[in-house]
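Colleague: So that we are looking at the same thing, I have put the structure below in structure tokens.
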Amino acid sequence: WSAPVKSVFVTFPGDIVKNMTDTELAEGYLKKFGYMNSPQRSGFQSMVSTSKALKRMQRQMGLEETGVMDKSTLEAMRRPRCGVPDVAN
Amino acid sequence: YKTFDGDLKWDNRDVTYRVINYTPDMDYSLIDDAFARAFKVWSDVTPLTFTRLFDGTADIMVSFGKADHGDPYPFDGKDGLLAHAYPPGKGLQGDAHFDDDEYWTLGTGPAVKTRYGNAEGAMCHFPFTFEGKDYTTCTTNGRSDNLPWCATTADYSIDKKYGFCPSELLYTFDGNADGAECVFPFVFLGEEYDSCTTEGRSDGYRWCATTSNFDNDMKYGFCPSRDTAVIGGNAEGEPCHFPFVFLGKEYDSCTSEGRADGKLWCSTTDSYDDDKKWGLCPDQGYSLFLVAAHEFGHALGLDHSNIREALMYPMYSYVKDFSLHEDDIEGIQYLYGSKTGPDPTPPGPNTPTTTTYPDTDETDSPDGPTDPTTTATTRPVDPTKDACKMTKFDTITVIEGQLHFFKDGDYWKMSSESNGGLKGPFSISETWPALPAVIDSAFENTLARKLYFFSGTRFWVYTGKSVLGPRSIEKLGLPDSVQKVEGALQRGKGKVLLFSGENYWRLDVKAQKIDRGYPKYTDAVFGGVPNDAHDVFQYKGHIYFCRDRFYWRMNSRRQVDRVGYVKYDLLKC
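This is the structure in structure tokens:
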């Protein structure tokens with residue numbers, strides 16, 4: 001009886017659907033708040049710029065600068081916040 | 090700290106702001122107060138002053154909006170983006186926008202300010218006990234009129250203190266119906282509505298007609314949100330319906346079942362399975378004061394800080410006892426310098442009285458008028474009797490065209506000439522010997538050349554040097570429940586309005602009696618002014634309602650056209 005109840009997820013009418021993938025969440029966040037301005041380049045170059053942008057975001061938020069989408073960084077991205085970009089473009 | 094490129098800032102020190110619209114989540118007086126306190130965070134540490142405008146264009150225009158609200162940066166529904174603001178400048182620059190899909194509170198759950206009842210506008214006390222049951226929200230239990238109410242102390246049965254909660258059955262806000270309550274059912278575009286609706290609007294705000302037919306009368310107002318109202322979803326503003334059925338199972342409280350984000354929701358009908366009507370349940374909400382203080386930092390020129398404890402850190406976190414962080418202070422003082430005026434806290438008894446005072450005049454000179462014989466009616470100025478240092482007067486009235494300020498046995502006169510100065514203090518007992526030291530209100534019957542003075546439940550009538558009284562105010566026809574007449578407003582044709590508490594009476598001066606049809610509620614006729622003003626008078630064609638250091642000025646069309654400081658605008662300190 002201790003197994004977790006398997007929840008059924010429902011799409012509620014009128015709900016602004018937000019359950020994105022972590023990558024979508026991170027990319028949207030980095031773009032929206034100015035950490036990543038340049039249009040995405042495909043392949044290795046894109047990974048480098050994302051990592052650099054993640055480090056800038058982690059520095060701004062006082063997080064460990066890992067350059068990857070670790071748990072605390074994703075949690076920070078889900079926190080309520082001000083809409084003014086962190087990096088002026 | 091960081092500033093915006095080019096150190097954008099306001100060149101003027103007296104920054105103006107205007108509140109364009111309101112969220113239905115809180116009483117407008119709580120919203121006004123939150124914004125005023127948020128500005129005070131910055132004026133406390135800089136030479137900046139913030140004056141509120143009620144019309145026209147202000148430096149900082151403050152507004153609530155949802156999703157796409159007209160600028161290039163749409164909001165995103167509940168949570169996520171809470172608000173944003175623009176750096177100083179013209180037009181959109183300097184403005185602050187708040188996401189009205191958020192649940193705005195003071196940060197600790199529903200902030201419910203009551204109206205009417207006997208709690209004088211106090212906040213609801215949750216939980217409260219009523220007939221042995223605990224309530225964490227407003228309730229209509231115990232009433233037959235379906236008006237939600239709450240206790241303003243922990244136990245209604247003991248204290249009997251209560252007030253009514255926001256409800257469209259009690260009032261609306263904005264719109265064009267002067268706050269009148271909704272009329273149900275009402276007809277709109279030929280259809281009948283028996284509750285608030287967002288039909289006809291693209292901004293999602295709930296409204297209702299304040300007559301039975303909007304198509305004919307075009308009278309409407311926005312519905313305040315009840316504390317039990319759901320947020321977002323597709324039934325915003327409606328209360329949860331308990332129990333409700335979801336996926337065949339019955340729920341009698343909010344649940345996160347069915348959601349991947351763990352947010353609590355409820356159905357607003359008895360069956361979500363059938364009706365698919367839902368919304369998110371009220372939570373702690375976001376402190377409008379904290380978010381506003383942050384956004385106003387942007388509007389003054391500060392960018393985001395990377396110090397987690399700083400106000401300008403981009404993420405929201407609730408702080409109970411807020412104080413500005415060093416980093417924020419350094420940033421704002423880098424732009425505007427530090428505060429040069431006196432310490433805002435009044436000098437204590439052991440503070441030397443020679444504190445520098447920003448706007449000195451002859452009454453401040455250390456040796457003052459020393460020779461009483463040369464100023465027969467004024468005595469050497471006792472610093473504690475400097476009118477400019479008073480935060481509140483017993484009464485202010487106009488006698489022979491001059492403003493008179495009464496306080497604790499003394500009074501000052503402000504000549505009506507433009508360059509006339511403040512004269513006094515004079516002694517009340519020397520001029521009107523029969524009067525007590527504290528005068529609650531006074532008015533001049535110019536036709537009969539009589540002066541009426543009120544103190545407590547007594548009044549005096551002076552004709553020149555002769556006096557009639559004290560007599561009880563019951564002789565004028567005021568009820569014995571009136572303990573104090575706080576204001577007197579000449580209305581011409583021998584009529585004077587006498588204010589006390591939330592009510593006013595109309596006195597027929599010649600007949601010395603109160604006209605039929607009174608009392609009336611002050612805020613029903615004089616909307617937009619505090620209903621606990623401690624002074625009301627007429628001066629140069631405007632009506633002034635005073636509370637503490639502030640006055641609300643009303644023009645002849647009964648519109649509040651100015652709010653300011655008694656000290657600067659009336660006393661000219």
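From first to last, the protein sequence lines stand for chains A and B. According to this note's numbering, the first sequence is numbered sequentially starting from 1. According to this note's numbering, the second sequence is numbered sequentially starting from 90. For glycine and all other residues, C-beta sits at the position ideal for the given N, C-alpha and C.
Are the C-beta of residue 106 of chain B and some C-beta of chain A separated by less than 7 Å?
Modeller: For residue 106 of chain B, the answer is no, since every Cβ of chain A falls outside 7 Å of its Cβ.
Colleague: Counting only Cβ pairs nearer than 7 Å, list the residues of chain A close to residue 162 of chain B.
Modeller: 83, listed in chain order.
Colleague: When you measure from the CB of residue 177 of chain B to every non-hydrogen atom of the ligand SAH, does any distance come out below 6 Å?
Modeller: The ligand SAH is not among the ligands present in this structure, which contains no ligands whatsoever.
Colleague: Looking at residue 83 of chain A: is its Cβ nearer than 7 Å to the Cβ of residue 170 of chain B?
Modeller: Result yes, Cβ atoms of residue 83 of chain A and residue 170 of chain B sit closer than 7 Å.
Colleague: Would you list, in chain order, the members of the stretch 319 to 336 of chain B that have their beta-carbon closer than 7 Å to a beta-carbon of chain A?
Modeller: Answer in chain order: 322, 323 and 336.
Colleague: If we count the other Cβ atoms within 10 Å of its Cβ and call it buried at 16 or more, is residue 255 of chain B buried or exposed?
Modeller: Under this definition residue 255 of chain B is a buried residue.
Colleague: Would you kindly check if the distance between the Cβ of residue 598 of chain B and the Cβ of residue 617 of chain B is under 7 Å?
Modeller: It is not a contact, given that the beta carbons lie outside the stated cut-off.
Colleague: Assuming residue 319 of chain B contacts residue 327 of chain B (C-beta within less than 8 Å), just tell me the rounded distance between them.
Modeller: Rounded, the Cβ-Cβ distance is 6 Å, consistent with contact.
Colleague: With 8 Å as the limit, tell me which residues of the stretch 54 to 67 of chain A have their beta carbon closer than that to any beta carbon of chain B; keep them in chain order.
Modeller: Cβ contacts with chain B: 59, 60, 61 and 62.
Colleague: DSSP three-state label for residue 420 of chain B, please.
Modeller: Residue state, collapsed to three classes: helix.
Colleague: Are residue 588 of chain B and residue 527 of chain B close, meaning C-beta to C-beta below 7 Å?
Modeller: No, Cβ-Cβ distance for residue 588 of chain B and residue 527 of chain B is not below 7 Å.
Colleague: Going by beta carbon distance, what residues of the same chain come within less than 6 Å of residue 229 of chain B, once the five residues before and after it are set aside?
Modeller: If we look at residue 229 of chain B and ignore the five residues flanking it on each side, its Cβ neighbours are 235 and 237.
Colleague: Can you give me the Cβ contacts of residue 370 of chain B inside the same chain, cut-off strictly under 7 Å, excluding the 5 residues immediately before and after it?
Modeller: Closer than 7 Å at the Cβ level, and outside the excluded window around residue 370 of chain B, lie 319, 329, 343, 353, 354 and 355.
Colleague: Indicate whether the contact test is met: 3 or more Cβ pairs, each with one atom in the stretch 211 to 219 of chain B and one in the stretch 182 to 191 of chain B, closer than 8 Å.
Modeller: Verdict: no, contact absent.
Colleague: How many Å lie between residue 361 of chain B and residue 336 of chain B at the Cα?
Modeller: If you take the alpha carbons of residue 361 of chain B and residue 336 of chain B, they lie about 8 Å apart.
Colleague: Report the residue from B:623, B:142 and B:324 whose alpha carbon sits nearest the alpha carbon of residue 496 of chain B.
Modeller: Ranking B:623, B:142 and B:324 by Cα distance to residue 496 of chain B puts B:623 first.
Colleague: Return the residues of the stretch 585 to 604 of chain B that lie within a Cβ-Cβ distance of less than 7 Å from chain A, sorted by chain order.
Modeller: Listed by position, the residues of the stretch 585 to 604 of chain B near chain A (Cβ gap below 7 Å) amount to none.
Colleague: Can you find the residues in the same chain that come closer than 6 Å, C-beta to C-beta, to residue 196 of chain B, ignoring five residues on each side of it along the sequence?
Modeller: Once the five neighbours on either side are set aside, the close Cβ partners of residue 196 of chain B are 376 and 407.
Colleague: Which class does residue 120 of chain B belong to by DSSP, given the choice of helix, strand or coil?
Modeller: Three-state DSSP puts residue 120 of chain B in a helix.
Colleague: Less than 8 Å between C-beta atoms, sequence neighbours within five positions excluded: which residues of the same chain meet that for residue 332 of chain B?
Modeller: Only 339, 340, 341 and 359 meet the Cβ criterion.
Colleague: Alpha carbon to alpha carbon, how far is residue 277 of chain B from residue 392 of chain B?
Modeller: Taking the straight line joining both Cα atoms gives about 46 Å.
Colleague: At a CB-CB cut-off below 9 Å, which residues of chain A make contact with residue 404 of chain B?
Modeller: Chain A residues near residue 404 of chain B: 61, 76, 79, 80, 81 and 82.
Colleague: Which residues in the same chain have their Cβ closer than 7 Å to the Cβ of residue 225 of chain B, if we skip the five residues on either side of it in sequence?
Modeller: Same-chain partners within the cutoff: 215 and 216.
Colleague: Got a sec: is the Cβ-Cβ distance from residue 94 of chain B to anything in chain A below 7 Å?
Modeller: Chain A, which has a Cβ nearer than 7 Å to the Cβ of residue 94 of chain B, makes this yes.
Colleague: Strictly under 7 Å for the Cβ-Cβ distance: is residue 349 of chain B near chain A by that measure?
Modeller: By this cut-off, residue 349 of chain B is an interface position.
Colleague: Looking at the unbroken beta strand (DSSP E) that takes in residue 286 of chain B, where does it start and where does it end?
Modeller: Counting along the chain, residue 286 of chain B falls outside any beta strand (DSSP E), and DSSP gives it neither H nor E.
Colleague: Is residue 307 of chain B closer than 7 Å to residue 79 of chain A when the C-beta atoms are compared?
Modeller: Against a cut-off of 7 Å, the Cβ pair of residue 307 of chain B and residue 79 of chain A comes out as no contact.
Colleague: Shorter than 7 Å from the beta carbon of residue 660 of chain B to some beta carbon of chain A?
Modeller: Not closer than 7 Å to any Cβ of chain A, the Cβ of residue 660 of chain B fails to qualify, so no.
Colleague: Report the residue from B:109, B:155, B:205 and B:486 whose alpha carbon sits nearest the alpha carbon of residue 290 of chain B.
Modeller: When each option's Cα is compared against that of residue 290 of chain B, the closest is B:155.
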